[in-house]
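Colleague:
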Amino acid sequence: MNFLKFILFITIITLLSCRSRDKKNDYIFHDAGNNIEKAERFALYKKDGWTEVRIINPWQGATDVSQVYYLVKRGSKLPAGLDPESVIFVPLKKIICMSTTHLAMISALGEQKSIVGVSGTNFIYSPELIQNVKKGLIADVGYEANLNKELILKIAPDLIMIYGIGSESAGYVGKIKELGTKIIINADYLETDPLSRAEWIKLFGALYCKETLADSIFNAEVAEYQKLKTYIEQNITTRPKVLLGLPFNDTWYISPGNSFISKLISDAGGEYLWMNTKSSVSMPYGIEGVYLKGMKADFWLNIGSVSSKNEISNVDQRLNDLPCFKKGNLFNNNNRINTNGANDFWESGSLYPHLLLKDIATILHPELFTDHALIYYRKIY
Amino acid sequence: MIILVILLILDIFFGSVSISASEVIRAIFTHTNSSFETIIMRFRLPKALTALTVGVALSLSGLQMQTIFRNPMAGPYVLGISSGASLGVAFVILGFSSGINGDSINALGNWILVVASWAGAGAIMILIMIISSKVKDIMTLLIIGIMLSSGIGAVVTILQYFSNETMLKAYVIWTMGSLGNLTEGQLTILLISVSAGVIMSILSTKILNALLLGENYARSIGLNVRFARGAIFSCTSILAGSVTAFCGPIGFIGIAVPHIVRIIFKTSDHRLLIPGTILMGGAVMLISDIISQLPGSENVLPINAVTSLIGIPVVIWVILRNRKFSGSF
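Chains as they are written, first to last, in my numbering: chain A, 1 to 381; chain B, 1001 to 1329.
Right, dumping it as structure tokens:
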């Protein structure tokens, strides 16, 4: 494992030192040739006949890590000087996804049929993909340390898309690479801006040679999001205060102010109570401090996975006395949830941030969107 | 005693939110309906009472186990109570199919964990009692208890291996212990069962003093050793079992406090040790709770980490001075 990392490290160093352009800064975002506008965790460089993908700091807490992959058109000659280990032949015909969040982006490009394996098929929301699981077109490859390596070998996918340090540390990555299967790490969930997260569809665009379609989906999303954001900014008079999450015992894990959800709340015309905090992970705060601050909240969103007020009381009866609870301003992001407990908020939600924005804005400012029925969110009674 | 009251008051004064002393007093003695009052009366007061009760219960059962096994390293959990409780909780949190995530377990309410933990600890206790009635030598029982704990630990490991991150996190947080999550009803139950355990311990003073001199001696002065063992075991399971059920496995207090008391009182007479342990246990737990709240910061530390950090130096000290201590057993 360490040896492979070392090899990878040497490869990256060699690649970087080869190009004078990169000498000044290892990770130039939005630089010449990079087709990525907002996302900070990956870059795409269109080259002559192939595409270079760089995944930057692909896991929580990673600094100065960059993984380079070369997407080469199927059937064409391998360009000289590229490390064959990092070459992925595109368009992909068979992919295994370790997270269900990537499925919506593949489906949006019309490439559902290429999904042949998923880690935890129970977590799939898309009814179409569930049908495919039932038909036996999508296999459950297990997860983390229990990954079914023999099944993966049998499926022989063009690519396995993984995420997070968990996958690296579980040690299966090295083994699979050794068996000759290509792996790419997806870090979309680390993007803290809703549009940056949606931009990861461009990675799939490159993997399926559908760049134009991916670009147009993303550009439409940006236009729609910006339009809503401007409309909200111009029409709101107050910024309701928002509380998030649910305590566990006497600890309340608080999403930091530089998180995805905090950005959405702010764009939707709300004020997240911890908007000024900064952290790369959820912060364990004492329940009494959160409770005290929570008394100022007008709305309470993303309340764990509860679907009734009763469930909140069961967690801690004292929560009943929060003013937002008494007012009934409780909304959770589990409106689209199926019988297995799979939540579409995490599946298609990342691809359509403007819908998330509209939902939250409708909750906080109902007068702005009188005809919008909530999609991902629902009121908790 | 006075120190204990002072610590109880300090624990109410210091929390993760800083509230001025006058505000605290106003919140306690007047009905202002302010948010500070909610924090003091519904968060800090129950938490301080829980800390006090937990400290007393764990230290007492630790003392009893050290005496009955005549082993300075014994604690409330040598009989496998905490591992039994962990198994019950692990089955609830980790054992369910991966289709459910930790949050939905959370939403089932905190009673489910309490019941699971009781059931697990109770099952192990019954097993130990049965073995205890068959086995003559107390040391054999100690070894069986430790083996049983390791075996259960292995089952929990298997459950952990097959669970996803959310479930793992929920379980790990449970094992870190918590004092502040008891509802008023649960606190009442904890207080009642611990009081019962404390009364039983006070009644067992003579038995413990006799056992200290060895089971043979105890027998020679007419003590029914099997009955005595059973009584003390049930007392410990009430004390440590209820604490573990409501607050999770809280470590080291049970081992460390009896030693602190022996050092201070320089005696091995339970007529002094029992009241001493009750006071010291409560005090140490209150101090731990104050530290875990990290007064002045929004973050908190898991209580188990704090008790271990206080307990470990004491245990090391005991090991280093073991020769002197062997006289006490």
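We put the beta carbon where it would ideally sit given N, CA and C, even for glycine.
Quick one: Cα of R1026 of chain B to Cα of Q1293 of chain B, how far?
Modeller: Sequence index remark: in the second sequence, residue 1026 of chain B carries index 26 (1-based). Sequence index remark: in the second sequence, residue 1293 of chain B carries index 293 (1-based). Spanning the two alpha carbons is a distance of roughly 22 Å.
Colleague: Can you name the residues of chain B whose CB is closer than 7 Å to the CB of D321 of chain A?
Modeller: Counting from one through the first sequence, the residue named residue 321 of chain A turns up at place 321. Going along chain B in sequence order, the residues near D321 of chain A (Cβ under 7 Å) are T1038.
Colleague: Mind checking which residues open and close the alpha helix (DSSP H) that includes C97 of chain A?
Modeller: For the purposes of this step, residue 97 of chain A is taken as residue 97 along the first sequence, with counting starting at 1. Not the alpha helix (DSSP H): C97 of chain A falls in the beta strand (DSSP E), residues I95 to C97.
Colleague: Do R41 of chain A and E178 of chain A have their CB atoms nearer than 8 Å?
Modeller: Locating residue 41 of chain A in the first sequence gives position 41, counting from the first residue. Locating residue 178 of chain A in the first sequence gives position 178, counting from the first residue. Against a cut-off of 8 Å, the Cβ pair of E178 of chain A and R41 of chain A comes out as no contact.
Colleague: Please list, in chain order, the chain A residues whose beta carbon lies closer than 7 Å to that of E1298 of chain B.
Modeller: In the second sequence, counting from the first residue as 1, residue 1298 of chain B sits at position 298. The answer, in chain order, is Y285, G286 and G289.
Colleague: Strictly by DSSP, which residues pair up with L159 of chain A?
Modeller: The residue you call residue 159 of chain A lines up with position 159 of the first sequence. In the DSSP output, where bridge partners are listed per residue, L159 of chain A has A:I95.
Colleague: Can you pull the chain B residues whose beta carbon is under 8 Å from the beta carbon of Q60 of chain A, in chain order?
Modeller: Here residue 60 of chain A refers to the residue found at position 60 of the first sequence. Under the 8 Å cutoff, chain B gives no residues; its nearest Cβ is about 12 Å from Q60 of chain A.
Colleague: Just by C-beta distance, which residues in the stretch 1271 to 1293 of chain B are closer than 8 Å to chain A?
Modeller: Listed by position along the chain: Q1293.
Colleague: Taking 8 Å as the threshold (C-beta atoms), are I1238 of chain B and P1204 of chain B in contact?
Modeller: The count along the second sequence starts at 1 and reaches residue 1204 of chain B at position 204. The count along the second sequence starts at 1 and reaches residue 1238 of chain B at position 238. Going by the sequence as given, residue 1204 of chain B is Ser instead of Pro. Result no, Cβ atoms of S1204 of chain B and I1238 of chain B do not sit closer than 8 Å.
Colleague: Measuring alpha carbon to alpha carbon, tell me which of B:I1253, B:I1255, B:G1276 and B:H1270 ends up nearest I1264 of chain B.
Modeller: Locating residue 1264 of chain B in the second sequence gives position 264, where the first residue counts as 1. I1264 of chain B has its Cα closest to that of B:G1276, out of B:I1253, B:I1255, B:G1276 and B:H1270.
Colleague: Would you identify the three-state DSSP class for F369 of chain A, choosing helix, strand or coil?
Modeller: In the first sequence, counting from the first residue as 1, residue 369 of chain A sits at position 369. Of the three classes helix, strand and coil, the one that applies to F369 of chain A here is coil, per DSSP.
Colleague: Answer yes if the stretch 218 to 237 of chain A comes into contact with the stretch 56 to 64 of chain A, meaning at least three C-beta pairs across the two stretches below 8 Å, and no otherwise.
Modeller: Not touching, per the Cβ criterion.
Colleague: Within 8 Å of any Cβ in chain B, is that where the Cβ of L292 of chain A sits?
Modeller: The count along the first sequence starts at 1 and reaches residue 292 of chain A at position 292. Closer than 8 Å: yes.
Colleague: Does chain A have any CB closer than 8 Å to the CB of R1026 of chain B?
Modeller: In the second sequence, residue 1026 of chain B corresponds to position 26, counting from 1. So, not an interface residue.
Colleague: To the nearest angstrom, how far is the alpha carbon of I1250 of chain B from that of Y69 of chain A?
Modeller: Taking the second sequence and counting its residues from 1, the one referred to as residue 1250 of chain B is at position 250. Taking the first sequence and counting its residues from 1, the one referred to as residue 69 of chain A is at position 69. Their backbone Cα atoms lie some 49 Å apart in a straight line.
Colleague: Report all residues from its chain with a CB closer than 7 Å to the CB of E1023 of chain B; omit the five preceding and five following residues, and keep chain order.
Modeller: Position 23 of the second sequence, counting from 1, holds the residue named residue 1023 of chain B. Same-chain partners within the cutoff: F1036.
Colleague: What is the DSSP secondary structure of E440 of chain A, reduced to helix, strand or coil?
Modeller: Residue 440 of chain A lies beyond the residue range present for chain A, which begins at 1 and ends at 381; the question has no answer from this structure.
Colleague: On the three-state DSSP scale, how would you describe V141 of chain A?
Modeller: Within the first sequence, residue 141 of chain A is the residue found at index 141, counting from 1. Of the three classes helix, strand and coil, the one that applies to V141 of chain A here is coil, per DSSP.
Colleague: Whose C-beta lies closer than 6 Å to the C-beta of G294 of chain A among residues of the same chain, with five residues either side of it excluded?
Modeller: Reading the first sequence from its first residue, position 294 is the one you call residue 294 of chain A. Result list for G294 of chain A: L243 and L322, in chain order.
Colleague: Going along the chain, which residues of its own chain have a beta-carbon closer than 8 Å to the beta-carbon of I201 of chain A, five neighbours each way excluded?
Modeller: One-based indexing of the first sequence puts residue 201 of chain A at position 201. Excluding residues within five positions, the ones whose Cβ falls inside 8 Å are M105, A108, L109, A214, I217, F218 and L351.
Colleague: Could you have a look at R54 of chain A and say whether DSSP puts it in helix, strand or coil?
Modeller: One-based indexing of the first sequence puts residue 54 of chain A at position 54. Strand at R54 of chain A.
Colleague: Name the DSSP beta bridge partners of M283 of chain A, please?
Modeller: By one-based count along the first sequence, residue 283 of chain A stands at place 283. Partner(s): A:I254.
Colleague: Does the pairing of the stretch 280 to 290 of chain A with the stretch 1296 to 1305 of chain B give three or more beta-carbon distances under 8 Å?
Modeller: Judged by Cβ distances under 8 Å, the stretch 280 to 290 of chain A makes contact with the stretch 1296 to 1305 of chain B, as three or more pairs qualify.
Colleague: Can a CB atom of chain B be found closer than 8 Å to the CB of D344 of chain A?
Modeller: Position 344 of the first sequence holds residue 344 of chain A. No, because no Cβ of chain B sits closer than 8 Å to the Cβ of D344 of chain A.
Colleague: Cα separation between M275 of chain A and R1321 of chain B?
Modeller: Numbered from its first residue, the first sequence carries residue 275 of chain A at position 275. Numbered from its first residue, the second sequence carries residue 1321 of chain B at position 321. Near 53 Å, if we compare the C-alpha coordinates of R1321 of chain B and M275 of chain A.
Colleague: Should E52 of chain A go down as buried or exposed, given a rule of 16 or more other Cβ atoms within 10 Å for buried?
Modeller: Translated into the one-based positions of the first sequence, residue 52 of chain A becomes position 52. The residue in question, E52 of chain A, is buried, as its Cβ has 16 or more Cβ neighbours within 10 Å.
Colleague: Checking contacts by CB at 8 Å: is Q317 of chain A closer than that to chain B?
Modeller: As a first step, residue 317 of chain A is located in the first sequence; it is residue number 317 there, counting from the start. Interface residue, yes.
Colleague: Comparing alpha-carbon positions, which option in B:F1246, B:I1303 and B:W1174 lies nearest F248 of chain A?
Modeller: The sequence position of residue 248 of chain A within the first sequence is 248, counting from 1. Nearest of B:F1246, B:I1303 and B:W1174 to F248 of chain A, Cα basis: B:W1174.
Colleague: Spatial neighbours of S1149 of chain B within its chain, please: CB distance less than 6 Å, with the 5 preceding and 5 following residues excluded, ordered by chain position.
Modeller: Position 149 of the second sequence, counted from the first residue, corresponds to residue 1149 of chain B. Excluding sequence neighbours, S1149 of chain B sits near G1080 and S1083.
Colleague: According to the Cβ coordinates, are P1295 of chain B and F1014 of chain B closer than 8 Å?
Modeller: Here residue 1295 of chain B refers to the residue found at position 295 when the second sequence is read from its first residue. Here residue 1014 of chain B refers to the residue found at position 14 when the second sequence is read from its first residue. In contact: P1295 of chain B and F1014 of chain B (Cβ atoms closer than 8 Å).
Colleague: Check the DSSP bridge columns for R378 of chain A and list the partner residues they point to.
Modeller: As a working note, residue 378 of chain A is residue 378 in the first sequence. BP columns for R378 of chain A point to A:N332.
Colleague: Which of helix, strand or coil does DSSP assign to A1074 of chain B?
Modeller: For the purposes of this step, residue 1074 of chain B is taken as residue 74 along the second sequence, with counting starting at 1. Reduced to three states, the DSSP call for A1074 of chain B is coil.
Colleague: Just verifying my parser: in three-state terms, what is the DSSP assignment at P127 of chain A?
Modeller: Taking the first residue of the first sequence as position 1, residue 127 of chain A is located at position 127. Correct three-state label for P127 of chain A: helix.
Colleague: Output needed for S1288 of chain B: all residues of its chain with C-beta closer than 7 Å, excluding positions within five of it in sequence on either side, in chain order.
Modeller: If you number the second sequence from 1, residue 1288 of chain B lands on position 288. Within the same chain, S1288 of chain B has close Cβ partners I1303, V1306, T1307 and I1310.
Colleague: Once the 5 residues before and after I1221 of chain B are set aside, which same chain residues still bring their CB inside 8 Å of it?
Modeller: Residue numbering aside, residue 1221 of chain B sits at position 221 when the second sequence is read from its first letter. The residues are A1210.
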